[in-house]
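2 protein chains.
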Amino acid sequence: MAIFHEIVLAGETYAYATTTTKEQAEKIWLEVPRKTFVFEEDGKVWGTYYIKTNQAGPGSHVCNCGYMVSSLARGKGLATLMCEHSQQIALKLGYKAMQFNFVASSNEGAVHLWSKLGFETVGRLPKAFNHPSKGFVDALVMYKWLQN
Amino acid sequence: MAIFHEIVLAGETYAYATTTTKEQAEKIWLEVPRKTFVFEEDGKVWGTYYIKTNQAGPGSHVCNCGYMVSSLARGKGLATLMCEHSQQIALKLGYKAMQFNFVASSNEGAVHLWSKLGFETVGRLPKAFNHPSKGFVDALVMYKWLQN
Chain X
117 MAIFHEIVLA GETYAYATTT TKEQAEKIWL EVPRKTFVFE EDGKVWGTYY IKTNQAGPGS
177 HVCNCGYMVS SLARGKGLAT LMCEHSQQIA LKLGYKAMQF NFVASSNEGA VHLWSKLGFE
237 TVGRLPKAFN HPSKGFVDAL VMYKWLQN
Chain B
117 MAIFHEIVLA GETYAYATTT TKEQAEKIWL EVPRKTFVFE EDGKVWGTYY IKTNQAGPGS
177 HVCNCGYMVS SLARGKGLAT LMCEHSQQIA LKLGYKAMQF NFVASSNEGA VHLWSKLGFE
237 TVGRLPKAFN HPSKGFVDAL VMYKWLQN
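Chains X and B, in that order, are what the protein sequence lines are. So that you can map any letter, position 116 of the first sequence is 232 in the numbering used here, and since no number is skipped, the others follow by simple counting. So that you can map any letter, position 20 of the second sequence is 136 in the numbering used here, and since no number is skipped, the others follow by simple counting.
So this is what it looks like as structure tokens:
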């Protein structure tokens with residue numbers, strides 16, 4: 117929850133309201149997803165991600181994940197570790213592809229990382245992300261087919 | 117509900133499970149959206165659409181709509197009428213743009229119609245839609261900025 121609120125309050129990366137309550141956050145990150153993981157070391161949680169079905173019915177073979185890393189643990193490869201883990205979990209759960217629906221184009225670190233991990237930018241939503249200091253910036257849709 | 121089930125059972129256009137119950141359908145179409153409209157004539161409902169916020173927080177200026185027309189009322193311009201109505205409602209509700217997240221590329225009629233009504237194809241999700249007879253087809257993301 118501390119990581120969630122730190123990241124959501126910054127308002128630069130995730131499409132959650134800065135006013136999201138603890139109860140809403142628990143619903144978003146723990147209840148609605150199919151699974152949620154944490155990365156724990158020395159008794160502390162440094163990162164977390166969820167995996168869920170992105171669209172029901174004819175879209176249910178594609179999953180969606182969200183990853184968050186504590187500001188105290190950035191630059192250590194934790195996002196890479198969690199993303200690679202999530203792809204393995206996705207396959208085990210029977211998903212064929214993974215989609216990120218709403219990556220702020222201003223979040224260059226994330227865009228670069230997901231590209232490096234094999235995600236293709238398959239969509240660009242013009243001015244769909246209202247950045248707290250940059251104003252309306254494009255949001256990207258990124259996608260990776262996980263199996264043939 | 118009759119229109120919803122007719123369209124969802126066909127499985128060709130909407131990312132809802134064919135097993136969606138009446139209760140789930142009511143939640144999807146009536147409870148979760150911000151507003152839901154019906155087109156009624158001669159005491160019967162021929163079409164319906166919902167409007168809702170597509171992404172929270174930094175994405176909350178973009179809305180999403182879903183439209184359904186009874187098979188008994190196709191080809192009469194009802195989808196056009198509802199889509200134009202929804203754009204007016206969107207502006208009244210304070211939205212700046214409208215996004216369709218998951219248009220099956222095989223649904224050529226819809227793609228053509230939304231294009232004609234000013235929606236740009238801003239994304240293509242490879243094999244993201246599992247069509248009952250055509251198998252995995254691409255899904256499109258379509259987008260229209262409603263005001264400057």
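C-beta atoms are modelled at their ideal positions from N, C-alpha and C, and glycine is treated no differently.
Asked: Three-state secondary structure (DSSP) of Lys168 (chain B); Found: strand
Asked: Coarse secondary structure for Lys192 (chain B), derived from DSSP in three states; Found: coil
Asked: Beta carbon proximity, Gly239 (chain X) to chain B, threshold 8 Å; Found: yes
Asked: Inter-residue Cα distance where the pair is Lys138 (chain B) and Val124 (chain B); Found: 12 Å
Asked: Cβ pair Ala133 (chain X), Gly127 (chain B) closer than 8 Å; Found: no
Asked: Anticipated Cβ contact below 8 Å, Trp162 (chain X) with Leu194 (chain X), distance rounded; Found: 6 Å
Asked: Chain-ordered chain B contacts of Tyr259 (chain X) [CB-CB under 7 Å]; Found: Leu241 and Pro242
Asked: Counterpart residues of Lys160 (chain B) in DSSP-defined beta bridges; Found: B:Glu157
Asked: Chain-ordered residues of the stretch 164 to 183 of chain B with a beta carbon less than 9 Å from chain X; Found: Asn170, Gln171, Ala172, Gly173, Pro174, Gly175, Ser176, His177 and Val178
Asked: Unbroken alpha helix (DSSP H) run spanning Ala133 (chain X), endpoints; Found: No alpha helix (DSSP H) holds Ala133 (chain X); DSSP gives it neither H nor E.
Asked: Contact with chain B by Ala141 (chain X), beta-carbon distance below 8 Å; Found: no
Asked: Per-residue contacts from Ala133 (chain X) into chain B (C-beta, under 8 Å); Found: Ala172, Gly173 and Ser176
Asked: Contact check, Lys250 (chain B) vs Ser222 (chain B), beta carbons under 8 Å; Found: yes
Asked: Cβ-based burial, Pro248 (chain B) [other Cβ within 10 Å; buried from 16]; Found: exposed
Asked: Cutoff 8 Å: His247 (chain B) Cβ touching any chain X Cβ; Found: yes
Asked: Where the beta strand (DSSP E) containing Gly251 (chain B) begins and where it ends; Found: Gly251 to Trp261
Asked: Chain-ordered chain B contacts of Phe218 (chain X) [CB-CB under 7 Å]; Found: Gln171 and Gly175
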